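Residue numbers (UniProt numbering): 1 to 801.
What follows is a set of notes on a single structure, which appears directly below.
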Amino acid sequence: MSSSERWTVNATTPLVNFSFPLQNYTMPILEFEMILMFVLTELTHLFLKIFGLPALAAQLVRDGNDQLASGIAGCEMANPCKFVRHDCLTSAKGVPAFEAGILLGDAGLSRIVKSSSHHDMNPIFPFANQEILNIMSLFGYIFFSFLIGVKLNLGLIPKSGKKALYTGALSLSVPIVAGVGTIILLHSKWFLNGQEIVQLAFLTAMHSLTPSPVVVCLLTDLKILNSELGRLALSSALVSDLCTIAITSVAAMATAVQQNMLKGIRDIVVMVAYTLFVWLVFRPFMFWIAKRTPQGKPIKDSYVVLIMLAFLGSALLSNWCELSFVTGPLMLGFAVPDGPPVGATLVNKFDFMVNRVFMPVFATTSMMRVTMSLPKAHKRTVLAATIVTSVVYCSKFVASLVIPLCCKMHMRDAIALALILCSKGVVELGAYTFASDTWIIFSKVFDYMMLTIVLNVLIVPPLIRLLYDPKRKYVGYQKRNLMHWKPNSELRILACINRADNTPAIINFLDASCPTRDSPIAVYVLHLVKLVGRAAPVLISHNLQKRTLSNNSLSENVIISFSNFQKDNEGAVFAQVFTAITQPDYMYDDICTLAIDKATSLIILPFHRKWSRVNGSIESENQNTRTLNCRMLETAPCSVGILVNRGHVKYTNSSASPNEAYRVALIFLGGSDDREALTLAKRVAKDAYISLTVIRLVDASGDEDGNDKWEWVQDNEMLKEMKYNGAEDGIKTTKKIRSLMDENEYDMFIVGRRFNVSSPQTLGLDQWSEFPELGVIGDMLSSTDSRCKSSVLVIQQQQQR
């Protein structure tokens with residue numbers, strides 16, 4: 001290799017000096033640049049996570065494609081077709097901004113590394129490769145906007161509610177008015193020129209927006225996407241985005257007509273025709289594809305190719321009409337049905353590529369161009385930009401507070417909502433980058449805007465964590481448990497289903513709970529479905545749907561099963577089915593919220609293991625389900641039961657087995673959880689076709705701790721006239737339970753969890769528990785060491801917090 005075919009890179013640090021040759025070819029340099037971006041992005045993100053700070057890279061890169069909405073439309077004010085500017089990277093000087101950009105910028109590696117042969121250029125990001133990186137950035141951002149449209153469900157906007165509607169509209173209109181008024185005042189005092197007014201108007205528009213991608217990212221990072229505050233913030237952002245799209249579209253068309261009437265009218269006609277094509281031809285074609293795709297299967301690759309061709313063509317059409325590159329792809333994404341099979345297939349195929357390849361390049365190159373030195377030119381413009389953005393931000397913050405406070409929202413929650421709606425992130429980054437490349441804003445104004453994003457990312461999330469605690473609404477001020485349930489009143493139960501095969505075991509338990517007309521059961525069934533191909537979580541009440549479900553409904557079998565169960569027990573059972581489509585990490589929030597809304601006394605959760613019906617072996621384990629169960633035991637607003645189904649369901653209905661009783665055993669040691677389990681068992685025993693056996697294990701030594709005397713009194717009161725056996729230690733308890741399991745005498749065991757409750761009967765057993773969420777006894781009964789076929793229900797009484 002000749003000397004002209006390589007860069008000789010010298011690195012000088014306080015600790016070591018070294019040099020190495022780098023091939024002066026496009027591909028090796030591009031590979032080296034991307035490796036640096038990816039490694040530094042991930043390392044910086046891991047470092048900031050230690051301090052509980054949401055890294056900007058996490059917003060722009062790691063979670064970028066889990067975001068939702070159409071706020072990118074605000075970028076249409078700049079023309080990204082002029083995005084490639086050859087000096088955008090080499091002109092970065094001064095203090096870097098953030099994340100990988102700060103490490104690769106002027107104060108990072110570019111300060112340490114210098115080229116021996118080209119002292120005036122950055123050897124890591126040489127002149128020839130800048131255009132390639134910028135094209136990759138642009139393509140990644142366009143693809144990002146298309147996937148946002150795919151994940152967005154426009155049907156959520158009409159369902160947002162008045163509070164979200166007014167909050168979203170007010171948070172957009174008030175800051176625009178305040179910003180325009182401030183610009184007029186500054187112009188009257190400083191006699192601003194036309195370019196300065198354009199810059200200030202652009203900044204006013206951008207700071208008035210509430211981009212849903214930024215809101216979703218922040219809510220996801222704070223783990224409050226499914227909370228009441230999160231849903232309100234997301235709905236408000238959707239309303240704001242819809243208004244933004246309408247305003248920017250009208251403004252763009254009006255500007256085009258004003259500059260060249262004939263060309264402007266042509267562009268309007270083309271875009272109207274494109275819109276009609278998308279919604280009258282392309283969208284029905286998407287539904288046709290979904291109809292032809294078998295349930296649970298992805299769409300064919302040939303259909304994916306057609307969609308990608310349409311995506312690329314929409315970007316070219318937008319550029320031809322001199323609109324933003326993202327306008328056409330975003331609209332096309334809106335026309336793709338979210339969720340499976342079409343939306344889920346596209347997200348599964350392209351999410352990783354956009355998320356881990358293109359967006360890191362976009363975020364890093366955008367941040368690298370920032371210079372943090374004090375402005376020597378355009379000082380008045382920077383000062384005016386500071387004043388305008390401060391006024392707009394404050395007015396937006398106040399406007400976001402008005403409606404929530406009028407609706408009597410707690411002040412802390414209202415402030416947290418306002419902070420969420422004022423947050424900044426990926427949309428602003430893209431808009432400011434495009435505006436800088438097209439000379440809409442000066443470089444120093446661009447630096448200032450990047451600084452506002454960095455400060456927002458570092459300050460806002462900790463403040464929201466301090467102000468808003470989603471668990472606050474789960475605090476059990478009322479006693480919602482079985483022991484305080486009034487006899488002969490309606491018993492409300494929330495039954496959760498992860499898979500359709502959970503349904504028979506749940507129905508069997510409900511049937512065993514002895515529903516009658518005098519003592520009915522209201523069962524609220526929540527079918528938990530993992531969020532795929534969507535950005536926003538969805539909670540569907542099937543009983544409220546006006547249209548019948550299609551054959552592809554994820555919950556159709558569940559609905560049919562519980563509908564039949566209600567018909568078989570007419571007057572004694574009321575069933576209502578819900579479907580929650582959300583990420584596994586947030587399913588607990590939907591469960592708790594529904595339990596509070598319906599005032600349930602018991603939540604039934606399926607165990608995470610699935611047993612085979614043939615030989616009783618374990619077929620599968622779902623760790624997400626186990627994590628959900630553990631989370632529910634910590635946060636549930638009422639009592640919780642974990643149902644372990646070993647695959648052998650014996651129906652309790654008298655018509656199914658009129659000559660054979662359904663045998664239930666309760667193992668009682670003492671404590672609040674066991675008393676809760678006993679209360680449920682007594683209700684079960686009211687059924688004439690159910691045989692109940694209560695097995696009480698007491699300390700044979702007769703020693704009772706003085707601190708537990710009140711517990712002992714309550715246990716004895718609950719177990720009047722009950723026979724019991726003695727057990728001195730954990731070994732004897734194990735032998736007794738093993739004998740019960742080996743005999744296979746009972747169809748179901750009901751036990752209390754007794755978490756962190758020590759007693760002589762279970763001494764030493766907790767050390768051998770495989771699943772602490774089941775308690776010591778429940779874990780033994782669910783062990784794989786035995787051939788026991790009995791179902792197990794582990795009860796935990798509502799925890800008063």
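Even glycine gets a Cβ: it sits at the ideal position worked out from N, Cα and C.
Every value quoted in this text rests on a predicted model; they were computed, and no experiment measured them.
Exposure label - residue i; buried when at least 16 CB within 10 Å
| i | result |
| --- | --- |
| Ile618 | exposed |
| Arg547 | Only weak support is given to the placement of Arg547: the predicted model assigns it a pLDDT of 42, under 50, and the value that follows is read from those uncertain coordinates. Exposed, because fewer than 16 other Cβ atoms sit within 10 Å of the Cβ of Arg547. |
| Trp768 | exposed |
| Leu276 | exposed |
| Ile245 | buried |
| Phe191 | exposed |
| residue 807 | Outside the shown range of the chain, which is 1 to 801, sits residue 807, and nothing can be said about it. |
| Gly328 | buried |
| Ala178 | buried |
| Lys444 | buried |
| Ile307 | buried |
| Phe325 | buried |
| Arg292 | exposed |
| Ile184 | exposed |
| Ala273 | exposed |
Own chain partners of residue i with C-beta closer than 7 Å, once the 5 adjacent residues on each side are dropped
| i | result |
| --- | --- |
| Leu170 | Ala399, Val402 and Ile403 |
| Ala685 | Leu692 |
| Val354 | Asn65, Gly140, Phe143, Phe144 and Leu147 |
Beta-carbon proximity of residue i to residue j, cut-off 8 Å
| i | j | result |
| --- | --- | --- |
| Leu774 | Ser782 | yes |
| Tyr524 | Leu451 | no |
| Val538 | Ile493 | no |
| Val304 | Thr345 | yes |
| Lys486 | Asn456 | no |
| Val239 | Ala290 | no |
| Ser395 | Pro211 | no |
| Ser561 | Ile507 | yes |
| Arg683 | Cys514 | yes |
| Ile441 | Gln623 | no |
| Leu554 | Asp338 | no |
| Ile497 | Pro606 | yes |
| Ala335 | Val269 | no |
| His542 | Val577 | yes |
| Met748 | Ser791 | yes |
| Thr182 | Val391 | yes |
| Leu203 | Val388 | yes |
| Val454 | Val214 | no |
| Asp674 | Gly752 | yes |
| Ala512 | Asp687 | yes |
| Leu232 | Ser208 | no |
Contact set for residue i: own chain, Cβ-Cβ below 8 Å, skip 5 residues either direction
| i | result |
| --- | --- |
| Ser639 | Arg480, Asn481, Leu482, Ser601, Leu602, Ile603, Glu676, Ile795, Gln796, Gln797 and Gln798 |
| Leu229 | Asp413, Ala416, Leu417, Ile420, Tyr468 and Pro470 |
| Phe358 | Met136, Ser137, Phe139, Gly140, Tyr141, Phe143 and Phe144 |
| Ala681 | Val664, Leu666, Leu692, Val694 and Ile750 |
| Leu218 | Pro54, Gln59, Ile420, Ser423, Gly425, Val460, Pro461 and Ile464 |
Nonlocal neighbours in the same chain, by C-beta distance under 6 Å from residue i, ignoring five residues either side
| i | result |
| --- | --- |
| Met449 | Tyr432 |
| Arg787 | none |
| Leu544 | Caution applies to Leu544, whose pLDDT of 41 falls short of 50 and renders its modelled position unreliable; the model cannot decide the point. |
| Ser519 | Asn488 |
| Met587 | Leu528 and Leu628 |
Residue i: first and last residue of the uninterrupted alpha helix (DSSP H) it sits in
| i | result |
| --- | --- |
| Ile289 | Arg283 to Arg292 |
| Pro606 | Segment Leu602 to Pro606 is the beta strand (DSSP E) holding Pro606; no alpha helix (DSSP H) there. |
| Ile667 | No alpha helix (DSSP H) contains Ile667, which is instead part of the beta strand (DSSP E) from Tyr662 to Phe668. |
| Glu621 | No alpha helix (DSSP H) contains Glu621, which is instead part of the beta strand (DSSP E) from Ile618 to Glu621. |
| Thr579 | Element bounds for Thr579: not the alpha helix (DSSP H) but the beta strand (DSSP E), Val573 to Thr582. |
| Gln566 | Glu556 to Asp568 |
| Val270 | Met261 to Phe277 |
Proximity test, Cβ basis, 8 Å: residue i and chain B
| i | result |
| --- | --- |
| Glu196 | Structure shown: chain B not included; a single protein chain is present. |
Contact test: residue i Cβ vs the ligand PLP heavy atom, cutoff 7 Å
| i | result |
| --- | --- |
| Asn193 | Absent from the structure shown: the ligand PLP. Ligands present: none. |
First and last residue of the uninterrupted beta strand (DSSP E) at residue i
| i | result |
| --- | --- |
| Val532 | Premise fails: Val532 is in no beta strand (DSSP E) and is neither H nor E. |
| Met295 | It should be noted that the sequence gives Gln, not Met, for residue 295. Run containing Gln295: none; DSSP gives neither H nor E here. |
| Leu692 | Ile690 to Val698 |
- request: Could you name each continuous alpha helix (DSSP H) segment of 4 residues or more that falls completely within the segment 429 to 492, going from the start of the chain to the end?
  value: 443 to 467
- prompt: Can you list, in chain order, the stretches of the alpha helix (DSSP H) that have 4 or more residues and sit fully within the segment 202 to 237?
  reply: The qualifying runs are 212 to 222.
- request: Would you list, in sequence order, the uninterrupted alpha helix (DSSP H) runs of no fewer than 4 residues that lie entirely inside the segment 175 to 205?
  value: none
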